[in-house]
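Visitor: Residue numbers (our numbering): 0 to 163.
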Amino acid sequence: MLKIGLKDCLCCGESLPVAAQFGNFNGRCASICLHCEALSVHDAVSLTAETIGKRYRMLIEDKSTRLEARRAAKRAAYDVHGKRCACCHHYKPTDHYNACQSRADGLQPNCRVCDALRVTLLAKPGGLATWRLTRAALRAAAAQLQIAAQSDVARQSGHYQTET
Ligand SMILES: [Zn+2]
Ligand SMILES: [Zn+2]
């Protein structure tokens with residue numbers, strides 16, 4: 000339905016009929032309703048602050064609801080395939096990750112094993128080089144697993160007979 004004729008008062012925040020409740024201001028519709036125009040300056044200022052505060056709180060609430068919904072969608076996908084560790088590239092269940100509220104999915108990008116390994120290796124002399132080699136090896140192993148999983152799918156689709 001069209002909402003012709005209604006306007007939000009910038010002071011009290013109410014949606015009111017333009018014709019009946021808003022005056023003219025230099026030939027344009029006033030931005031505050033007749034009721035608010037009649038208020039003392041002090042009352043109008045505090046009413047405006049309350050309206051803005053209310054809208055701001057609604058905006059914040061809306062944002063956090065959307066964040067929760069996005070998070071829930073990501074978590075549902077992780078329940079099926081696991082979450083890919085940014086470090087070792089293995090897919091692991093969400094309980095293998097520490098929580099991190101600033102992240103979109105609420106989890107740290109690296110799995111706990113990688114975090115611990117990184118700390119241990121970096122504490123040793125020449126640890127950075129060792130860590131990079133280890134990480135490369137873990138990623139290569141993850142890639143091998145992916146290839147194996149894909150050929151399993153091909154076998155199961157009935158193109159191969161693998162019985163012995
Ligand atoms: Zn008003
Ligand atoms: Zn990892």
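The beta carbon of each residue, even a glycine, is placed where N, CA and C say it ideally should be.
Because the structure is a prediction, the values reported are computed rather than measured.
Where do the N-terminal and C-terminal ends of the beta strand (DSSP E) with serine 30 fall, by residue?
Guide: Residues 27-32.
Visitor: Could you give the residue range of the beta strand (DSSP E) that holds glycine 52?
Guide: Looking at the DSSP string, glycine 52 is not in any beta strand (DSSP E); the run it does join, the alpha helix (DSSP H), is 40-80.
Visitor: Please classify leucine 66: is it buried, with 16 or more other beta-carbons within 10 angstroms of its beta-carbon, or exposed?
Guide: Looking at its Cβ environment, which holds fewer than 16 other Cβ atoms inside 10 Å, leucine 66 is exposed.
Visitor: Measure the C-alpha to C-alpha separation of threonine 133 and glutamine 107 and round it to an integer number of angstroms.
Guide: Using only the alpha carbons, I get a separation of about 20 Å.
Visitor: Would you check if the distance between the CB atom of lysine 73 and the CB atom of glycine 81 is smaller than 8 Å?
Guide: No, the pair does not count as a contact, with Cβ atoms beyond the cut-off.
Visitor: With a threshold of 7 Å (Cβ to nearest heavy atom), would histidine 89 be considered close to ligand 2?
Guide: Yes; taking the cut-off as 7 Å, the Cβ of histidine 89 has a heavy atom of ligand 2 nearer than that.
Visitor: Considering only heavy atoms of ligand 1, does any lie closer than 7 Å to the CB of glutamate 13?
Guide: True, at least one ligand heavy atom lies under 7 Å from that Cβ.
Visitor: Under three-state DSSP, which class holds tyrosine 7?
Guide: What sits at residue 7 in the sequence shown is aspartate, not tyrosine. DSSP places aspartate 7 in strand when its eight states are reduced to three.
Visitor: Looking only at DSSP bridge pairs, what is asparagine 23 linked to?
Guide: Answer is Cys28, bridged to asparagine 23.
Visitor: By the DSSP assignment, the alpha helix (DSSP H) with leucine 137 in it spans what residues?
Guide: First-last of the alpha helix (DSSP H) with leucine 137: 126-153.
Visitor: According to the neighbour-count rule (16 or more other Cβ atoms, all chains shown, within 10 Å of its Cβ), is histidine 172 buried or exposed?
Guide: The displayed coordinates of the chain run from 0 to 163. Any statement about residue 172 would go beyond what the structure contains.
Visitor: Check whether the stretch 31-42 and the stretch 13-21 touch, using three or more Cβ-Cβ pairs below 8 Å as the test.
Guide: These segments touch.
Visitor: Between arginine 109 and ligand 2, is the CB less than 7 Å from at least one heavy atom?
Guide: Looking at the sequence provided, one finds asparagine at residue 109 rather than arginine. Yes, the beta carbon of asparagine 109 sits closer than 7 Å to at least one heavy atom of ligand 2.
Visitor: Determine the contact status of alanine 43 and cysteine 8, defining contact as a CB-CB distance below 8 Å.
Guide: No, the Cβ-Cβ distance between alanine 43 and cysteine 8 is not below 8 Å.
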